[in-house]
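Protein chains in written order, with our numbering: chain A, 6 to 390; chain B, 6 to 390; chain C, 6 to 390; chain D, 6 to 390.
Please read the structure below before turning to the comments.
This is the structure:
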């Protein structure tokens with residue numbers, strides 16, 4: 006890269022969760038600098054937040070419209086290169102569309118939009134503008150997830166037959182949204198989060214992971230969404246039977262009422278010759294199981310790793326990389342791609358390996374399909390996009 | 006106990022798998038001795054097997070009918086106390102019925118019979134005769150499974166909300182039934198194994214475990230059974246959505262085509278206050294997870310264990326007990342119960358804690374219900390017994 | 006085998022710990038039957054214990070002298086084939102010598118004797134009589150330990166460079182010997198247990214394991230034995246630096262005051278090409294680590310295991326075998342060896358693979374050497390036998 | 006903080022390992038910016054490295070002397086606030102002394118200097134100048150290490166009795182220093198790394214960790230340092246018996262020839278009431294073991310963690326933090342402390358919780374003591390500082 010890219014952040018004020026994570030991830034490699042912010046719907050909070058982040062006054066904006074407008078009027082070498090949108094789901098679409106219209110690349114927290122229809126419009130805008138949109142499906146940023154994907158794509162397991170993915174969390178085991186937990190409040194409010202709770206928030210991650218590693222697409226589903234904690238408007242738990250486009254089957258579980266669980270995303274994928282297992286909470290280990298030989302423990306940072314994993318690794322084996330490094334990989338690859346484009350170079354396949362608008366559409370389709378299936382008495386429904 | 010109980014074995018000749026396991030389990034505690042056998046449909050194999058097991062010639066029978074008839078004519082103190090039936094599924098019912106008719110208690114390998122109807126007849130016979138029938142759902146014999154059941158029943162987790170049980174194996178990943186694997190041959194043959202493959206062989210274990218620990222009953226299901234390896238007549242894989250009679254939900258996966266897996270039965274159960282996780286392949290550990298406190302590692306053989314776990318433990322903490330010990334617990338409790346009955350004593354609740362004809366009926370019902378559901382286009386079907 | 010071997014037990018009355026373990030192990034495979042007993046120094050307890058074990062009155066003896074004398078006078082086909090000695094350490098030597106003199110094979114709990122001198126006399130007696138002596142260093146009976154030994158001997162790791170073995174337990178973290186714990190009482194009493202506590206009780210296991218797997222012999226030591234809980238007469242904890250006869254180095258830790266530990270024997274062994282790690286509390290897994298390739302997970306019961314592990318395995322992969330199975334392997338191999346000898350056959354190398362008097366001598370030498378080293382101000386002392 | 010601190014880096018050019026790690030760590034929280042560099046002894050490499058890091062030409066210096074001199078002449082608001090020294094060990098002392106003399110705070114990679122004498126001089130200089138010196142003993146930056154320290158200091162385990170710390174790596178299993186591995190080359194060269202290899206490079210980390218968590222000081226040692234791979238001048242492996250100042254004992258193992266190991270630092274610490282175990286390669290888990298209750302699994306990011314762990318955590322439970330986050334904690338606390346000092350505020354105890362010159366002296370003392378002990382035939386030697 007020739008210079009640090011300049012990031013403008015929309016949302017992510019001082020009490021937000023995911024905005025801080027985005028900044029940590031964007032900071033890590035020294036390729037990106039926070040340059041501007043419209044950090045809160047409350048301009049006072051936004052200003053205070055900007056000062057805590059050492060932004061100069063003229064780069065702290067009252068709202069995203071002001072930021073996008075004024076930034077687009079600045080000289081090129083003072084202007085932000087991209088925006089990061091870390092607002093609640095309902096507030097993704099409008100700033101993303103405006104940013105693209107104003108010529109800015111976009112990083113956006115998942116799920117991409119509030120509805121599938123918005124997602125399709127957003128993708129059309131990306132294609133129209135030729136700009137880069139990156140969606141932060143964090144878990145696909147882990148080196149061992151990339152290793153799994155590469156090994157599967159190279160046929161290590163033979164044809165894929167079965168995928169089991171589960172994502173239990175326990176943090177919504179009680180009605181914490183009524184006890185002052187702001188994260189819980191908007192994530193359980195369909196007006197802000199969309200028509201699904203658990204499936205939108207974490208089921209989309211699980212579905213993305215299954216499709217990303219396997220290279221398959223979900224083609225049919227049978228969903229059972231549940232409101233386990235009385236008083237909620239949308240699902241806090243769900244189980245989904247899956248069929249993939251190669252005929253293989255699967256199960257996806259996402260739950261936010263699995264009391265005692267932290268963030269226990271796990272995936273198992275089986276092919277003709279063997280299987281793989283990866284646990285997000287011990288992310289540097291990929292177990293590869295064979296029918297007639299000892300299982301193998303692939304570990305981040307070793308010389309035997311494939312090029313995608315190596316490209317997304319910062320430290321030698323045994324120096325654990327974590328969630329923020331996975332997140333930072335998405336930012337790094339986005340930044341390398343933007344930089345290549347700014348310099349009329351072709352990004353490599355490693356650079357381009359970050360979730361994009363297509364993934365965003367599939368995520369929104371996942372939400373709409375599981376909600377529809379759950380409301381149906383028919384067992385299998387075709388996956389519609 | 007006053008003396009060793011005398012066991013007569015039906016099936017379990019020299020090349021059989023599960024018969025040898027039953028003998029190891031029955032031997033362990035020194036409460037049971039192998040006294041007679043009709044060990045094979047081939048009398049020569051049966052004789053040879055009997056000699057390898059040090060049976061005297063007059064206790065090696067040509068077939069079970071001969072054994073049951075002749076044994077019933079022997080003086081009481083020379084006669085077997087019970088039979089163990091370790092034939093393929095289709096050959097459970099007839100010898101079990103005859104054994105009960107002749108006055109012998111019965112141990113029987115799961116699934117109890119070939120059909121639900123047989124299972125009901127068998128239970129009626131048990132009630133009619135007042136004899137003891139024990140079904141070897143091995144996994145309920147583990148100390149930590151009993152600890153989990155006891156803690157749940159005492160309310161440690163609060164009301165149960167969700168159960169995830171999975172049982173992946175890989176040994177049927179290829180058509181090994183056509184390559185001389187006798188175990189595979191009868192287990193994939195519906196005439197011998199019944200109308201389900203994977204669900205009958207291992208799904209029943211998973212369902213039993215879920216109901217045993219939780220104290221709940223499956224009330225509705227939505228099943229997806231699959232023939233993954235082409236050329237099979239019945240399922241070698243399946244996924245089932247569950248509803249339990251308290252309204253909680255669950256997922257059950259049983260697969261024998263999960264290449265690279267050994268015998269990876271795992272269960273997770275969540276309640277209002279926390280969750281539990283148990284892995285059969287590391288059976289001496291029960292993880293108990295709490296919403297607002299560190300998870301705890303319960304371990305076999307420690308002083309803090311409940312009375313059911315303690316009763317089923319032979320060695321101090323850190324001296325791992327395994328599959329055979331779990332199996333032996335079922336035999337031990339069966340033997341203690343038979344002995345109590347022989348001596349007109351009341352068995353304790355710890356002694357009576359082994360699977361019986363009711364569990365056998367639920368197992369057969371599970372098979373029939375999942376097969377019916379899998380063939381249905383309706384999402385949910387009521388669990389019929 | 007032609008018939009079950011007949012076992013006479015010395016010690017192991019109704020409240021004993023290790024005697025019950027020996028019986029469970031001897032029972033398991035149906036190759037051995039308990040035939041006689043001198044089960045307690047208290048004849049009343051001995052009689053009561055014998056009845057609980059279903060021994061006939063004429064096979065319950067007042068003491069071992071009576072048992073050995075009377076059994077030796079019985080007809081060959083009524084007489085015991087071997088004795089098992091499960092008394093405290095100080096009471097191993099005399100019955101073992103007498104048993105050999107009377108023509109009985111011997112199984113003996115470790116450490117073999119109270120002193121190295123006794124051990125040497127016992128070995129001389131074994132050689133003189135040509136009888137079989139088996140020492141129950143249980144941990145060498147695990148299939149994965151045998152796999153490790155075989156792989157090392159076949160050069161999988163190249164020349165061995167370093168061994169780390171640790172054996173922490175917590176059960177003597179308090180003065181439980183003064184609170185009615187009979188096990189603790191004799192094991193902390195030098196008159197009964199010998200001149201070392203922790204090193205004699207568990208350090209000998211650790212040393213045996215290191216030498217058994219590596220095929221090396223300890224040649225120099227530097228020991229630090231500690232009395233951590235005030236009031237004890239002998240070590241309850243210790244650390245030993247090791248040199249082996251090929252020049253490699255090692256560390257051995259044995260502690261019974263490691264509060265919170267159960268029986269956490271672990272070994273790591275490194276060679277030029279890779280390393281191995283085995284944990285007794287998860288005994289069916291052997292991790293094999295390579296310099297330039299993913300580590301491998303060897304697991305009991307799989308087809309890729311070597312002949313020694315296979316010979317010592319009873320169930321397929323994923324059906325965990327535990328401590329009692331490891332113990333039973335020692336009994337099984339002893340029984341097969343005795344049976345071969347009784348029938349003038351040559352035992353196979355798999356049958357002969359159980360600890361014997363040579364291991365007993367090395368165990369006693371270990372105790373005497375570490376105690377001497379610990380009392381010395383010299384760093385390294387040659388290992389004397 | 007009021008503004009980002011400005012960092013000047015000494016060493017850490019484009020092919021260096023640890024310099025890149027320092028930058029990743031310093032970047033992460035957005036509290037520090039790389040402002041200047043003397044990145045290589047080769048000015049051309051230094052210039053090229055600076056450009057890759059987006060430094061302006063006037064902030065890329067030919068050597069550290071130039072950087073320190075010129076920076077000290079800049080206006081305060083253009084000048085660096087501190088230097089980070091990431092050169093090989095022999096090149097720590099001179100730039101650190103000069104930096105302090107010129108008024109700059111210092112971050113320095115461990116071990117602090119080449120000799121204990123240098124370490125003492127450096128500490129005297131720190132005291133003389135009143136500036137801040139931070140030593141990057143990374144592993145003490147992990148939240149769970151801080152939790153362990155806090156729980157021990159609050160008496161959770163009672164009086165400490167035993168510490169076992171091991172640090173096996175495999176990367177020096179061959180003479181890679183002769184195969185172009187620059188890291189291996191200087192770390193095995195006593196002129197550049199100091200008088201110890203494995204003990205200086207990683208043994209110091211292990212010793213620091215033991216003292217940091219326990220709050221104890223090593224008081225006596227008995228060391229066995231080894232050159233395992235022929236052709237080396239200094240130890241690549243070693244084992245050390247320890248005594249601490251409260252009378253407890255311990256063992257420390259550090260090896261760089263443990264083939265197949267990555268960076269497997271582990272510590273176990275036992276007190277009267279229980280024990281703790283932490284593994285660097287799964288750093289978000291701290292197992293706390295109790296004598297009479299189930300062990301507990303403390304996990305990073307949960308509400309039950311103490312204030313020190315919480316202060317050093319960025320993400321909620323289940324979002325794994327890794328090596329870089331631990332490293333970043335040291336930089337964050339250093340930065341907060343420098344900022345407090347710049348603003349005449351009192352740093353909190355959480356801010357001050359980073360390794361300093363005292364830790365550096367103990368590290369150098371560790372090296373000198375283990376080397377001396379290893380060369381001695383006397384068993385125990387007093388730990389001299």
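A virtual CB, placed ideally from N, CA and C, is assigned to each residue, including glycine.
Could you check which residue in D/299, D/318, D/317 has the C-alpha nearest to that of residue 309 of chain B? D/299
Kindly indicate if chain A contains any beta-carbon less than 9 Å away from that of residue 262 of chain B. yes
For chain B, check one thing: does any of its Cβ atoms lie closer than 9 Å to the Cβ of residue 307 of chain D? yes
Let me check understanding here. Comparing Cα to Cα, which of C/372, C/348, C/362 lies closest to residue 10 of chain C? C/348
Closest Cβ-Cβ distance between residue 274 of chain C and chain A: below 9 Å? no
Does the Cβ of residue 358 of chain D have 16 or more other Cβ atoms within 10 Å, making it buried, or fewer, making it exposed? buried
Going by other Cβ atoms of all chains shown within 10 Å of its Cβ, with 16 needed for buried, is residue 74 of chain B buried or exposed? exposed
Chain-ordered chain D contacts of residue 153 of chain B [CB-CB under 8 Å]: What residue 153 of chain B touches in chain D: nothing, since even the nearest Cβ is about 13 Å away.
For residue 218 of chain C, does the three-state DSSP call read helix, strand or coil? helix
Pop quiz: residue 19 of chain C and residue 57 of chain C are said to be a contact at Cβ under 8 Å. What is the actual Cβ separation, rounded to whole angstroms? 6 Å
What's the call for residue 254 of chain D, buried or exposed, on a 16-neighbour Cβ count within 10 Å? buried
Report the option in A/360, A/100, A/77, A/133 whose CA atom is closest to the CA atom of residue 144 of chain A. A/360
Taking the C-alpha atoms as reference points, what is the distance between residue 317 of chain C and residue 146 of chain C? 8 Å
Shortest alpha-carbon distance to residue 288 of chain C belongs to which of C/84, C/325, C/38, C/113? C/325
So residue 217 of chain C contacts chain A; which residues on that side make the cut at Cβ distance below 8 Å? Chain A residues near residue 217 of chain C: none, gap ~22 Å exceeds 8 Å.
Tell me whether residue 355 of chain D sits in a helix, a strand or coil according to DSSP, three-state version. coil
Can you tell me whether residue 62 of chain A is buried or exposed, with buried defined as 16 or more other CB within 10 angstroms of its CB? exposed
So, for residue 188 of chain D: in the same chain, excluding its five sequence neighbours on each side, which residues have a beta-carbon less than 6 Å away from its beta-carbon? 22
Rounded to whole angstroms, what's the CA-CA distance from residue 282 of chain C to residue 297 of chain D? Just pull it up for me. 28 Å
DSSP three-state call for residue 147 of chain C: helix, strand or coil? coil
Only counting the same chain, and skipping five residues up and downstream in sequence, which positions put a Cβ closer than 7 Å to that of residue 123 of chain C? 98
Could you give the residue range of the beta strand (DSSP E) that holds residue 198 of chain B? Note, residue 198 of chain B: premise wrong, no beta strand (DSSP E); alpha helix (DSSP H) at 195-198.
Please confirm whether residue 176 of chain C has its beta-carbon closer than 9 Å to some beta-carbon of chain B. yes
According to DSSP, is residue 6 of chain C helix, strand or coil? coil
Under 8 Å from the C-beta of residue 303 of chain B: neighbouring residues of chain D: 299
List the residues of chain B that residue 109 of chain C touches, going by C-beta distances under 7 Å, in chain order. What residue 109 of chain C touches in chain B: nothing, since even the nearest Cβ is about 21 Å away.
N- and C-terminal bounds of the beta strand (DSSP E) containing residue 275 of chain D: 271-276
Nearest neighbour of residue 241 of chain D, chosen from D/121, D/247, D/115, D/180 [CA to CA]: D/180
Between residue 324 of chain B and chain C, is the shortest Cβ-Cβ distance under 9 Å, so that the two count as touching? yes
Under three-state DSSP, which class holds residue 1 of chain D? Chain D is shown from 6 up to 390; residue 1 of chain D falls before or after that span and cannot be answered.
Would you give the residue range spanned by the alpha helix (DSSP H) that residue 55 of chain D belongs to? 48-57
Please specify which runs of the alpha helix (DSSP H), each continuous and at least 4 residues long, are wholly inside the segment 201-250 of chain A, giving them in chain order. 209-219
Quick check: what's the CA-CA separation for residue 364 of chain C versus residue 384 of chain C? 26 Å
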